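Whatever position you read off the sequence shown (first residue = 1), add 7 for my numbering. Yeah, the Cβ is synthetic: ideal placement off N, Cα and C, and Gly gets one too. Note that the coordinates shown come from a computational prediction; the quantities given were computed from them, not determined experimentally. What follows is a short report on a single structure.
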Amino acid sequence: MSPDIPVIPETPGPYALIVNPTAGGGRSADMLADVERQFDARRAVFRVEKTRSVDHGIDLAFEAIDANETPVVMSGDGLIGAVGGAMAGVDAPLGMIPAGRGNDLARSLGIPTDAAGAVECVTRGNVRVIDVGEANDRRFLGIASVGFDSDANRIANDAKVMKGTMVYAYAALRALVSWKPVRFTLIEGERRSRFTGYTVAVAHDCYYGGGMTTADEVARQPQVPVLAHFGQHDHWISVDSVQAFARAHPEVQVHVYDADHGFNCDQRGSYDAAAAATARERSLAFFAEHL
């Protein structure tokens, strides 16, 4: 479901809120009370079910569909992707409340990561049809990867103390200590490729890794030349945070455009051809200078 799509005449419901209580290192559990208040404020009919496993979450979604309820998954990309993949081809919508660390799929679809914005998106009944990927006979939404990235994600997901985006930097360093390049076989229809590398990712998502605009990330010092493009009307990244970023890193080239979130993606309603062209020219000049 996406706020970019026109509202349909009648919103689906009632809702079965399927909550992964461990998502985001406990973020989902912290958000739950606020999410419930947001549903209550809209006089929505809903119930809450907490998952015990991925398979349990999938079962809960189909039980909701059988009961003429709309399943709404409150979790990170993992459970949302698993439920969405299982529901491929089913004539029923799936709502999502992003509650993980990265929430790449939600960001790609333009779904807010705060409780009020996400619940508003669900209860307004905005519906979007998206592709479902399949790799090794397993369906996924957004991105599927194998290799170094998978190892780093496992370490990040197992981290109990560290929260936020810094856990990914920690996980990457941990994975690098023991990881060595390996041989991959990639089969695409009749085409078969063999190569040595660190990771393979299959995606129809425009985000890979996320949440890199928090205070902790702003405090990090760039080790290479950096060029940053921002949209002035981006609901994900406020102008205040852009200004804070620019003040913290005067060595970084920061450009702000009279544009919205995803202005450089010509597959989005927020695409701005003029801003995208200017950003491209600046990027090419930047590469020519530093590469």
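- prompt: Apart from the five residues just before and just after ALA39, which ones in its own chain have a Cβ nearer than 7 Å to its Cβ?
  reply: Residue mapping note: residue 39 aligns to position 32 of the sequence shown, counting from 1. In the sequence on display, residue 39 carries Leu and not Ala. If you ignore the 5 residues before and after LEU39, its C-beta comes within less than 7 Å of the C-beta of VAL26, all in its own chain and listed in chain order.
query: Under 8 Å, do ARG146 and ALA93 count as touching if we go by C-beta distance?
result: By one-based count along the sequence shown, residue 146 stands at place 139. By one-based count along the sequence shown, residue 93 stands at place 86. It is a contact, given that the beta carbons lie within the stated cut-off.
query: Looking only at DSSP bridge pairs, what is ALA99 linked to?
result: On the sequence shown, residue 99 is found 92 positions in, with the first residue counted as 1. Paired residue(s): none; ALA99 is not in a bridge.
- prompt: According to the neighbour-count rule (16 or more other Cβ atoms, all chains shown, within 10 Å of its Cβ), is ARG114 buried or exposed?
  reply: Taking the sequence shown and counting its residues from 1, the one referred to as residue 114 is at position 107. So ARG114 ends up on the buried side.
Burial state of GLY83 (16 or more Cβ within 10 Å): Your numbering for residue 83 matches position 76 in the sequence shown. It counts as buried.
query: How about the segment 100-117 and the segment 48-66: do they share at least three Cβ pairs that are nearer than 8 Å?
result: no
- prompt: Beta carbon of ARG146: closer than 7 Å to some heavy atom of the ligand HEM?
  reply: The ligand content of the structure shown is nil, which means the ligand HEM is not present either.
query: At which residues does the alpha helix (DSSP H) containing LEU148 begin and terminate?
result: As a first step, residue 148 must be located in the sequence shown, where it is residue number 141. Element bounds for LEU148: n/a, residue is neither H nor E.
- prompt: How about ALA89 and ILE65: do their beta carbons lie closer than 8 Å?
  reply: Sequence index remark: in the sequence shown, residue 89 carries index 82 (1-based). Sequence index remark: in the sequence shown, residue 65 carries index 58 (1-based). A contact, by the Cβ cut-off of 8 Å.
Own chain residues within Cβ distance below 7 Å of PHE270, not counting five before or after: Position 263 of the sequence shown, counted from the start, is the residue given in the question as residue 270. So the qualifying residues of the chain are GLY238, TYR264, SER277, TYR278, ASP279, ALA282, ALA283.
- prompt: With 16 other CB atoms within 10 Å as the buried threshold, where does ILE194 fall?
  reply: To locate residue 194, count along the sequence shown from 1; it is residue 187. Classification of ILE194: exposed, given that the 10 Å Cβ count is below 16.
message: Taking the straight line between their C-alpha atoms, what separation do you get for ALA99 and THR77?
response: To locate residue 99, count along the sequence shown from 1; it is residue 92. To locate residue 77, count along the sequence shown from 1; it is residue 70. Cα-Cα distance, rounded: 7 Å.
query: Which term fits MET219, buried or exposed, when burial requires 16 or more other beta carbons within 10 angstroms of its beta carbon?
result: Stepping through the sequence shown from its first residue, residue 219 is reached at position 212. Only weak support exists for where MET219 lies, its pLDDT of 49 falling under 50; the coordinates are left without a value.
For GLY238, the residue or residues it bridges with in DSSP: Stepping through the sequence shown from its first residue, residue 238 is reached at position 231. Residue pairing by DSSP places GLY238 opposite TYR264 in a beta bridge.
message: According to DSSP, simplified to helix, strand and coil, what is GLY204?
response: Residue 204 sits at position 197 when you count from the first residue of the sequence shown. GLY204: strand per DSSP, three-state reduction.
message: Would GLY149 and ALA210 be called neighbours here (beta carbons separated by less than 8 Å)?
response: One-based indexing of the sequence shown puts residue 149 at position 142. One-based indexing of the sequence shown puts residue 210 at position 203. Yes, the Cβ-Cβ distance between GLY149 and ALA210 is below 8 Å.
field: As assigned by DSSP and simplified to three states, the class of ALA210
entry: The residue given as residue 210 occupies position 203 in the sequence shown. Strand.
query: My guess is that VAL126 and GLN45 are in contact by the Cβ rule of under 8 Å, so how many angstroms apart are they, rounded?
result: As a first step, residue 126 must be located in the sequence shown, where it is residue number 119. As a first step, residue 45 must be located in the sequence shown, where it is residue number 38. About 4 Å; that satisfies the 8 Å criterion.
task: Quick one: residues in its chain with C-beta nearer than 6 Å to the C-beta of GLY85, no 5 flanking neighbours on either side, listed in chain order?
output: Translated into the one-based positions of the sequence shown, residue 85 becomes position 78. Around GLY85: no qualifying Cβ.
field: Per DSSP, cross-strand counterpart(s) of ARG190
entry: As a first step, residue 190 must be located in the sequence shown, where it is residue number 183. Beta-bridge pairing links ARG190 to THR203.
Same chain, Cβ closer than 7 Å to ASP158, five either side skipped, listed in chain order: In the sequence shown, residue 158 corresponds to position 151, counting from 1. For ASP158, same chain residues with a beta-carbon under 7 Å away, outside a window of 5 residues either side, are ALA182, TRP186 in chain order.
- request: Leaving aside the five residues before and after PHE204 along the sequence, list all residues of the same chain whose C-beta is less than 8 Å from its C-beta, in chain order.
  value: Taking the first residue of the sequence shown as 1, we reach residue 204 at position 197. Strictly speaking, residue 204 in this sequence is Gly, with Phe absent from that position. GLY154, PRO188, VAL189, PHE191, listed in sequence order.
message: Looking at VAL80: is its Cβ nearer than 8 Å to the Cβ of ILE72?
response: Working through the sequence shown from its first residue, we reach residue 80 at position 73. Working through the sequence shown from its first residue, we reach residue 72 at position 65. No, they are not a contact pair.
query: Three-state secondary structure (DSSP) at GLY217?
result: As a first step, residue 217 must be located in the sequence shown, where it is residue number 210. Interpretation of GLY217 is limited by its pLDDT of 49, a score under 50 that renders its predicted location unreliable; the figure taken from the coordinates is listed afterwards. GLY217 falls in the coil class under three-state DSSP.
task: Would you mind sorting ALA123 into buried or exposed? The rule is 16 or more other CB atoms within 10 Å of its CB.
output: Here residue 123 is taken as the residue at index 116 of the sequence shown, counted from 1. Exposed, because fewer than 16 other Cβ atoms sit within 10 Å of the Cβ of ALA123.
task: Let me know the secondary structure DSSP gives LEU298 once reduced to three states.
output: Here residue 298 refers to the residue found at position 291 of the sequence shown. If DSSP states are grouped into helix, strand and coil, LEU298 belongs with coil.
query: Where ALA251 and SER35 are concerned, what is the direct C-alpha to C-alpha distance, given to the nearest angstrom?
result: Counted from its first residue, the sequence shown places residue 251 at position 244. Counted from its first residue, the sequence shown places residue 35 at position 28. If you take the alpha carbons of ALA251 and SER35, they lie about 28 Å apart.
query: Which same chain residues, not among the five before or five after ASP267, have their C-beta less than 8 Å away from its C-beta?
result: Counted from its first residue, the sequence shown places residue 267 at position 260. Here the set comprises GLY238, HIS240, ASP241, HIS242, SER277, ASP279.
field: DSSP state of VAL79 mapped onto helix, strand, coil
entry: Counted from its first residue, the sequence shown places residue 79 at position 72. DSSP places VAL79 in strand when its eight states are reduced to three.
message: According to DSSP, SER152 sits in a beta bridge with which residue or residues?
response: The residue labelled residue 152 in the question sits at position 145 within the sequence shown. Paired residue(s): ALA208.
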